[in-house]
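Undergrad: This is the structure I have questions about; it appears just below.
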Amino acid sequence: ADEGMWLPMLLGKQVYADMVKKGLKLTAEQLYSINKSSIKDAIIIFGGGCTGEIVSNQGLIFTNHHCGYDAIASASSVENNYLKDGFYAANKEQEIPTKLTVQFLDKIIDVTAEVEAGLKGLSWADRTKKLAEVYKSITDKVADADNGKAGRIYSMFKDNQYIMYVYQTYRDIRLVGTPHESVGKFGGDTDNWEWPRHTGDFSVFRVYAAKDGKPAAHSKENVPFKPKHHLPVSIKGVKDGDFAMIFGYPGSTNRYETSYGIQLKNDIENPSLVALRDMRLKNMYAEMIKDPAVKLKLASSYASIANYWKFFDGETKQLQKFNTLGTKQAYEQKFDTWAIGKAEYQNLMKDYARNYAAWTPYAKHRQYLREGILGSPLAAFASSLMGLEAAMVKSGAGADIKKAADAANA
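Add 7 to the 1-based position in the sequence shown for the working numbering, that's all there is to it.
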């Protein structure tokens with residue numbers, strides 16, 4: 008097995024050649040193309056933070072059970088508890104509307120030169136202030152509200168590269184099926200993030216569109232979306248040596264974190280987050296066991312908090328188990344030796360050490376503020392009202408007020 012993360016457009020000849028050597032039979036253009044249908048057209052951002060895949064020409068979506076968890080909980084009641092008992096629509100009329108969105112990747116564009124040109128000559132503080140304005144000037148060029156298209160820019164490699172992703176967003180997503188909790192959440196938090204796992208971690212949805220294929224709000228007039236490409240599902244099974252890869256939206260990696268950042272995570276950030284989330288979970292659980300209705304209302308929030316409670320705890324244990332800190336320190340010592348006499352680099356690690364030393368006394372405060380105070384749903388709701396407040400003080404902003412109110416109630 009190989010490891011690492013690559014942007015499809017930046018796969019490179021060597022990486023692709025290695026994949027072919029391991030058994031890949033698809034061409035590079037079949038993986039990613041802006042002119043022809045390709046696998047990238049079947050892989051979606053599901054609900055804003057998960058990956059899903061289109062598996063039929065009728066817009067059928069497979070995703071994880073935990074990714075559909077909030078939508079399943081919202082569709083449930085104490086009398087019809089789909090989260091607990093499962094649900095499968097017998098026909099399209101029984102599919103349940105949700106508030107989810109899915110995003111299809113249209114194209115990826117390297118905009119490093121444009122971003123750097125907009126920030127040229129500015130101090131670091133001024134760059135930070137100017138960045139949103141520069142981003143907007145670039146994304147405005149690809150925005151197409153009628154077709155649900157918009158661009159988002161992400162910095163890569165600690166702001167050394169800027170990539171714009173152009174997405175098309177669909178808003179009529181319906182629940183098709185979800186397993187009983189004894190399958191979809193088998194093992195609970197005990198098995199989460201562990202290997203091997205025996206969880207049936209899946210749920211099924213469908214994306215709908217207007218009859219012309221364009222994104223549209225939920226309507227009985229909408230029809231199942233016909234994608235440019237969908238993944239065929241094989242029931243042949245697999246055997247040792249078969250090629251396998253993961254294509255999706257995994258978030259980000261801190262693969263190049265310094266030893267100082269790792270030590271901060273080990274000693275302060277992760278333990279603080281785990282302790283605070285443990286406290287939140289215990290208090291939520293105490294209320295959930297008192298009333299089935301409360302349990303259902305809090306189920307999604309509880310699962311979300313527990314997910315990264317387990318992650319941060321496991322991350323710390325693995326960093327310590329594999330002595331990642333020691334490995335990084337050894338790399339940095341080699342770097343310092345190489346950097347001797349090179350003015351641009353010779354003080355780099357000393358600068359890191361000085362800055363982390365200055366920040367460390369405040370690191371725990373930040374975690375307690377973010378997790379202990381701003382993590383409260385009351386704080387989140389109050390924050391969501393900021394847009395409503397801004398719209399209400401403007402004259403003739405009826406549409407903006409409605410949009411902000413809908414966002415606050417979402």
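Glycine residues also receive a C-beta, built at the ideal position from the N, C-alpha and C atoms.
Look at Y169 and S162 and say whether their C-beta atoms are less than 7 Å apart.
TA: yes
Undergrad: What's the call for L112, buried or exposed, on a 16-neighbour Cβ count within 10 Å?
TA: buried
Undergrad: Can you tell me which of G194, N71, R213 puts its alpha carbon nearest to the alpha carbon of V183?
TA: R213
Undergrad: Determine whether the beta carbon atoms of P15 and L38 lie at a separation below 7 Å.
TA: Taking a C-beta distance under 7 Å as the contact criterion, P15 and L38 qualify as a contact pair.
Undergrad: What distance in whole Å lies between the Cβ atoms of I380 and A387, which are believed to be in contact at a cut-off of 8 Å?
TA: Rounded, the Cβ-Cβ distance is 11 Å, inconsistent with contact.
Undergrad: Return the residue from the list G155, D166, G158 that minimises the CA-CA distance to W131.
TA: D166
Undergrad: For H237 versus I68, is the C-beta spacing smaller than 7 Å?
TA: no
Undergrad: Helix, strand or coil: which one does DSSP assign to G59?
TA: strand
Undergrad: Could you tell me which of M291, I145, K297, F164 sits nearest to S259, measuring between CA atoms?
TA: Among M291, I145, K297, F164, the Cα nearest to that of S259 is on F164.
Undergrad: Once you ignore the five residues that flank E102 on each side, which residues in its own chain have a CB closer than 8 Å to its CB?
TA: A96, R181, L182, V183, R213
Undergrad: Check G379 in the structure and name its three-state DSSP category.
TA: In the structure shown, G379 adopts helical secondary structure according to DSSP, grouped into three states.
Undergrad: Just mark Q374 as buried or exposed, buried being the case when its beta carbon has 16 or more other beta carbons within 10 Å.
TA: buried
Undergrad: Going straight from the alpha carbon of K341 to that of I347, what length do you get?
TA: 10 Å
Undergrad: To the nearest angstrom, how far is it from the Cα of D358 to the Cα of K409?
TA: Their backbone Cα atoms lie some 49 Å apart in a straight line.
Undergrad: Scan the segment 277 to 330 and note each continuous alpha helix (DSSP H) run of 4 residues or more that stays entirely inside, going in chain order.
TA: 277 to 295, 299 to 328
Undergrad: Taking the beta carbon of P368 as the centre, do at least 16 other beta carbons fall within 10 Å, making it buried, or is it exposed?
TA: Result: exposed.
Undergrad: Would you report the Cα separation of Y177 and L395, rounded to the nearest angstrom?
TA: 24 Å
Undergrad: With DSSP run on the structure shown, which of helix, strand or coil describes G255?
TA: coil
Undergrad: Return the residue from the list A124, S144, D179, K143 that minimises the CA-CA distance to G155.
TA: D179
Undergrad: So, do the segment 141 to 158 and the segment 183 to 196 have three or more beta carbon pairs nearer to each other than 8 Å?
TA: no
Undergrad: What is the rounded straight-line gap between the Cα of N199 and the Cα of K148?
TA: 42 Å
Undergrad: Go ahead and pull the three-state DSSP assignment for Q374.
TA: helix
Undergrad: What separation, rounded to the nearest whole angstrom, lies between the Cα atoms of T58 and A293?
TA: Their backbone Cα atoms lie some 32 Å apart in a straight line.
Undergrad: When you compare only the Cα positions, how much space is there between I160 and K297?
TA: 45 Å
Undergrad: Contact check, I46 vs F254 under 8 Å by CB: the rounded distance?
TA: 6 Å
Undergrad: Could you spell out where the beta strand (DSSP E) holding G125 opens and where it closes?
TA: No beta strand (DSSP E) holds G125; the alpha helix (DSSP H) holding it covers 119 to 126.
Undergrad: Could you spell out where the beta strand (DSSP E) holding A216 opens and where it closes?
TA: Unbroken beta strand (DSSP E) run through A216: 210 to 216.
Undergrad: When the distance is taken between beta carbons, is I41 closer than 7 Å to Q110?
TA: no
Undergrad: How about L332 and S266: do their beta carbons lie closer than 7 Å?
TA: yes
Undergrad: Can you name the start and end residues of the alpha helix (DSSP H) that K156 belongs to?
TA: Per DSSP, K156 belongs to no alpha helix (DSSP H); it is in the beta strand (DSSP E), 156 to 163.
Undergrad: Across which residues does DSSP place G184 in a beta bridge pair?
TA: Partner(s): Y95, V211.
Undergrad: If R284 sits next to E378, beta carbons under 8 Å apart, how far is it from one beta carbon to the other, in whole angstroms?
TA: 7 Å
Undergrad: Just reading off the beta strand (DSSP E) that Y142 is part of, what are its end residues?
TA: Here Y142 belongs to no beta strand (DSSP E); instead the alpha helix (DSSP H) covers 131 to 146.
Undergrad: Could you tell me whether the segment 216 to 232 touches the segment 115 to 130, where touching means 3 or more Cβ pairs closer than 8 Å?
TA: no
Undergrad: Can you tell me which residues form a DSSP beta bridge with T34?
TA: According to DSSP, which records beta bridges pairwise, T34 is partnered with nothing at all.
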